DNA sequence: ACCGGATCTGACCGATCGGTCAGCACCTGA
DNA sequence: TCAGGTGCTGACCGATCGGTCAGATCCGGT
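Chains as they are written, first to last, in the numbering used here: chain A, 29 to 213; chain B, 29 to 213.
Okay, here's the thing in structure tokens:
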């Protein structure tokens, strides 16, 4: 409780965060310059680096809520086994994908690159456990392929439907996930 | 027949093409410099630009075969209707994804950016028709969501299984595609 | 012996990248 | 009135980007 509430976080800070989220989602992390973000907000590039220690730090602060939810999902999956864990993973990931559409969209393709960063290394392990849960903890290549298709497909898709309301996107994603993951023996 | 056969295309040219494919797939288009490609082959950056007019031209030559197959698939889909077209699209796209795993993987996230390029604009229309065929030409958002999840999921996944042989990956992808696209009414 | 084309290179270009820094304007409490 | 912190900026830095260019090297034909 010593950091989220009661922090002033000037308006500019939040504006920069929002502008960065928009830009990163549109043109990717590497494809967005600090100049772009500054121009959107109407301040100088130096101001961006006054509010955030570095471009990486800006990304980290942007992803923090999504990562927190991902870690919580990971813990919840670990508390279940078998098909139960599969259901928890599917529902939880769809929730996460819908809620953090923009944040996930900005990982487009740069996912593996950005994970190299020491701050994000443990995310890789979490996503591996997610794939395993989606695959129903099966080693069969068909199950792992299906798991990755659904996982990547949902992550990639939710960013494309920024206009559809959550309560409509969520059941549509869940339906296709359950259909695709239905394991054939 | 005046271009593909009987062209010497020096060994360096092909090496550069192969190295670029590898690099682009690993670190993306924007994330790969001409220096990187030159270093892999063991020549100078100037040599890369001797064999290819520009970095864009290198990408175009790299994608040409995949684009040709995509255009042929588009024509084949147009020759069918309804569920028949859906099957043709699924089988055709899986074939394309498996065959051109590396080329598709390099589009990771930069897909929308690279499509801005005038050379690739018509690809956008083709992919829209592909989504429509996958959705069984339905306007229902559930169908369109499912279509995009499968399309994006396959495209994203095939690049992750560079080690699995085609004859094993193909049926696995097809199975999950048919399962996911099974339209409920 | 000479030439012309193909292949390749180092040096260089302007632009842009992420990041630093000294200092300016403003507000507030003493 | 003034000291000090906050928010912000223009000027600048080294590195790297894609791309250009003059020239070195090699090689087959005449």
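Quick reminder that beta carbons are idealized off the backbone N, C-alpha and C, glycines included. In this text, all values refer to a predicted model and were calculated from it rather than measured experimentally.
Inset, instruction - May I have the straight-line CA-CA distance separating residue 135/A from residue 155/A, to the nearest angstrom? - result: 13 Å
Legend entry - N- and C-terminal bounds of the alpha helix (DSSP H) containing residue 68/A: 62-69
Legend entry - Candidates 196/A, 207/A, 190/A, of which the one nearest residue 128/A by Cα: 190/A
Inset, instruction - Label residue 42/A either buried or exposed according to how many other C-beta atoms from any shown protein chain fall within 10 Å of its C-beta, with 16 as the threshold for buried. - result: exposed
Legend entry - Member of 125/A, 178/A, 197/A, 46/A whose CA lies at the smallest distance from the CA of residue 94/A: 125/A
Inset, instruction - Name, please, each residue of chain B whose Cβ falls closer than 7 Å to the Cβ of residue 185/A. - result: 173, 176, 177, 180
Inset, instruction - Please name the residue, chosen from 50/B, 120/B, 199/B, 39/B, that lies closest to residue 79/B on a Cα-to-Cα basis. - result: 39/B
Inset, instruction - Please check if any C-beta of chain A sits within less than 8 Å of the C-beta of residue 83/B. - result: no
Inset, instruction - Assign residue 138/B to one of two classes, buried (16 or more other C-beta atoms within 10 Å of its C-beta) or exposed (fewer than that). - result: buried
Inset, instruction - Measure how close the beta-carbons of residue 179/A and residue 57/A come, nearest whole angstrom, since I'm counting them as under 8 Å. - result: Rounded, the Cβ-Cβ distance is 20 Å, inconsistent with contact.
Legend entry - Partners in chain B for residue 98/A, counting only beta-carbon separations shorter than 7 Å: Per Cβ cutoff of 7 Å: no residues; residue 98/A is ~18 Å from chain B at best.
Inset, instruction - Please go through the same chain and pick out, in chain order, the residues whose beta-carbon is closer than 6 Å to the beta-carbon of residue 175/A, but skip the five residues on each side of it. - result: 159, 162, 163
Legend entry - Collapsed DSSP secondary structure at residue 196/A in the structure displayed: helix
Inset, instruction - Would you kindly check if the distance between the Cβ of residue 186/A and the Cβ of residue 202/A is under 8 Å? - result: no
Inset, instruction - Determine the DSSP secondary structure at residue 184/A, reduced to helix, strand or coil. - result: helix
Legend entry - Straight-line Cα distance separating residue 130/B from residue 90/B: 10 Å
Inset, instruction - Identify every run of the alpha helix (DSSP H) within the stretch 123-157 of chain B, keeping only runs that are complete inside it and at least 4 residues long; order them along the chain. - result: 129-133, 139-143
Inset, instruction - On a CA-only basis, which of 77/B, 87/B, 44/B is nearest residue 69/B? Give me that one, please. - result: 44/B
Inset, instruction - Give a yes or no on whether the C-beta atoms belonging to residue 183/A and residue 132/A are separated by under 8 Å. - result: yes
Legend entry - chain A residues whose Cβ lies nearer than 8 Å to that of residue 196/B: 169
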